[in-house]
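Input: a single structure, listed below in structure tokens.
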Amino acid sequence: MTEWRKKPRIGKSEFMPLLPEILKRLEMGETYKQMHDDLTANNRLKIGYDQFARYIRKHLQKQPAKRTSQIAPPVPKKRPVNKAHPFFMGDQKPGDGERRRNADSELHSSVPNRERIYGTATNKE
1 MTEWRKKPRI GKSEFMPLLP EILKRLEMGE TYKQMHDDLT ANNRLKIGYD
51 QFARYIRKHL QKQPAKRTSQ IAPPVPKKRP VNKAHPFFMG DQKPGDGERR
101 RNADSELHSS VPNRERIYGT ATNKE
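Quick note on the UniProt record's numbering: the sequence shown kicks off at 1 and runs consecutively.
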């Protein structure tokens, strides 16, 4: 089973001593590719670019900010209901099962109420 690995895995041991230098170069605005090219050209690093970038992402992540306990805003008080309003529908809430369009059928009807529109019925002559 140990025959399949020909090269020893030394990538992390090459990368970790260079960590302070990599941090400084990142702060100066150097890209991952520029750093990798320079370090491999000077034979200080023998790992590939993908592994180098993966180590940077893994080991140089910004630590998550500590959460501070926040107090939730107070719940707003309910407004008083004006029962004299023409659209007041009692305690019915939309989604109670009955559709809202059926709840206000006396105000909005698809069939006109002629008596309500024209007044009392008149005799046709």
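From the three backbone atoms N, C-alpha and C, an ideal C-beta is built for every residue, glycine too. For clarity, every value in this text was computed on a predicted model and none was experimentally measured.
- Contact between L18 and L45 holds: CB atoms are separated by about 7 Å, below the 8 Å threshold.
- In the same chain as Y55, and ignoring 5 residues on each side of it, the C-beta atoms closer than 6 Å to its own belong to F15, in chain order.
- Between Q61 and G11, the C-beta gap is not smaller than 8 Å, which leaves the two residues out of contact.
- With at least 16 other beta carbons inside 10 angstroms of its own, M35 counts as buried.
- DSSP, read as helix, strand or coil, puts K77 in coil.
- Separation of P20 and I71 (C-alpha to C-alpha, rounded to the nearest whole angstrom) is 40 Å.
- Relative to the Cα of L26, the nearest Cα in the group E115, H85 and A53 belongs to A53.
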